[in-house]
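Mapping to the working numbering: the sequence shown position 82 is 82, numbers consecutive. Built from N, CA and C at the ideal position, the CB exists for glycine as well. Here is the structure we will look at.
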Amino acid sequence: MTDVTQAPHRQPRPTHALRQKAGALGLAARAACRGPGRERDLLVQSLKASAAAILAWLVAGVWMGDPMALMAPWVAVVLVQATVYSSLVQAARQLVAICCGTVLASVALAVTGSTLGAVALSVPLLVLLANLPRFGDQGIYGATTALFTLSTSTVGASAVGHRVGQAALGAVIGVAVNAFVFPPVHLRDVRENLAALAREAGDVLHTVAGDLRDGEWDTQGWSYASARLERRLGALRSARGWSRESLRLTATPLRAVRRPPAALPSEEDDERWSRVTGHIRALTRTLTVAADEDRAPAPPAGPVLDAYADLLQLIGDACHAEGDRLLAAGGEAGPDDHAEAAMRELRGQLQEGLREHAGHGPEGTTVLGTLLLQAENLWSDTVPTRRGG
1 MTDVTQAPHR
11 QPRPTHALRQ
21 KAGALGLAAR
31 AACRGPGRER
41 DLLVQSLKAS
51 AAAILAWLVA
61 GVWMGDPMAL
71 MAPWVAVVLV
81 QATVYSSLVQ
91 AARQLVAICC
101 GTVLASVALA
111 VTGSTLGAVA
121 LSVPLLVLLA
131 NLPRFGDQGI
141 YGATTALFTL
151 STSTVGASAV
161 GHRVGQAALG
171 AVIGVAVNAF
181 VFPPVHLRDV
191 RENLAALARE
201 AGDVLHTVAG
211 DLRDGEWDTQ
221 GWSYASARLE
231 RRLGALRSAR
241 GWSRESLRLT
251 ATPLRAVRRP
261 PAALPSEEDD
271 ERWSRVTGHI
281 RALTRTLTVA
291 ADEDRAPAPP
301 AGPVLDAYAD
311 LLQLIGDACH
321 AEGDRLLAAG
331 GEAGPDDHAE
341 AAMRELRGQL
351 QEGLREHAGH
361 GPEGTTVLGT
371 LLLQAENLWS
381 DTVPTRRGG
């Protein structure tokens, strides 16, 4: 067997990279127009942030007649967050940061008597405060608010109250727009990531099966594919966290005003596909060790290896079927007697091959037995309603 060598990666030209970016932007725009999905969600959130800024500017600048109506739209656009709960949390953090920045800048200017001295006195302290965990990523607004305050050269109790009031107005508008205008609910992300994980697991198994049949073991490619599965699993866990947060404070209002999205897949599915990812990682590692001529265990060959490739192909097909079912928001996987019969036949062939290898020494038996056990685990977790018998 030989490892497939890959051509060296060549950096794309700037014009080619620009065309790729433009093409990706066009695809995203078409996806947003075509139907619900991540692209449309991003478009809606962007339009909501713009609407919140315009509304805050109208209220502060036009209706209230404030000639410096900048603070309200600035805060409003920032607080149209990915979830209603995070909007409220970020609003509280940002208001505290803005209060700290305004007060410290005013005090520093009163003490030093010069703008430069006030900047030197207040900004380093505010940047240090921005690193406190309780501020999250909103702490930097303390320093920026201080600079904004000092640039206008208007300080005092009335100026402090004015800016804090503008910030509070922007926070109310931003949170209200996010909460009452198409409140973001990230249930679809969980389903899409889970389905993508299932399909990508099937792709990896199909790739390994094809390499085993061709006799060209691309062990480096298998490692990269396994790493991609791990990243997809991380994206699934992140999406699950976002889905929980997006339902905080919004689940009951959603049921009252409109039909909520389809129910989430069970968290047991996350754990099941986490195990599948682990099994694939272990399987590719075993094959990589077996492909190393300096290692003692010898890989299986001949009809036994072909049967194992067919088994991986069958499990990959089951992964793809699970991915399609998850995207269709279907129920439990239905029976597939043909796949079950093929699985039993291939397992019988491999067990017979295992007995034959046992007669020639323990080395080949160790590798084949390990591979067979990993395939059994994969099948069991890929189609949990089927338990080997």
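> Should the segment 160–169 be regarded as contacting the segment 63–77, the criterion being three or more beta carbon pairs within less than 8 Å?
Replying inline: yes
> Which same chain residues, not among the five before or five after residue 87, have their C-beta less than 8 Å away from its C-beta?
Replying inline: 79, 80, 81, 174, 175, 178, 179
> What's the C-alpha gap between residue 200 and residue 229?
Replying inline: 7 Å
>> Quick test of the definition: if touching needs 3 or more C-beta pairs under 8 Å, does the segment 99–109 touch the segment 141–153?
In response: yes
>> Can you check which of these residues, 244, 373, 290, is closest to residue 84 by C-alpha distance?
In response: 244
> Rounded to whole angstroms, how far is the Cβ of residue 170 from the Cβ of residue 74, which I believe are closer than 8 Å?
Replying inline: Rounded, the Cβ-Cβ distance is 7 Å, consistent with contact.
> Using the C-alpha atoms, what's the distance from residue 280 back to residue 370?
Replying inline: 12 Å
> Do residue 308 and residue 368 come within 9 Å of each other at the CB atom, strictly closer than that value?
Replying inline: yes
>> Taking contact to mean 3 or more Cβ pairs, one atom from each stretch, closer than 8 Å, check whether the segment 123–133 and the segment 213–224 are in contact.
In response: Verdict: no, contact absent.
>> Taking the alpha carbon of residue 321 as the reference point, which residue from 383, 109, 62, 283 has its own alpha carbon closest?
In response: 383
> On the three-state DSSP scale, how would you describe residue 179?
Replying inline: helix
>> Assuming residue 323 is part of the alpha helix (DSSP H), what are its boundary residues?
In response: 303–327
>> In this structure, how does DSSP classify residue 377 when only helix, strand and coil are distinguished?
In response: helix
> Do you know how far the Cα of residue 277 is from the Cα of residue 157?
Replying inline: 60 Å
>> So, under 8 Å CB-CB, residue 239 and residue 189 are touching, yes? Tell me the CB distance rounded to an integer number of Å.
In response: 4 Å
> Within 10 angstroms of its Cβ, does residue 232 collect 16 or more other Cβ (buried), or is it exposed?
Replying inline: buried
> Can you tell which of 115, 160, 137, 303 has the C-alpha that lies nearest to the C-alpha of residue 93?
Replying inline: 137
> Can we count residue 225 as close to the ligand NAP, meaning its CB is less than 8 Å from some heavy atom?
Replying inline: This structure lacks the ligand NAP, and indeed carries no ligand of any kind.
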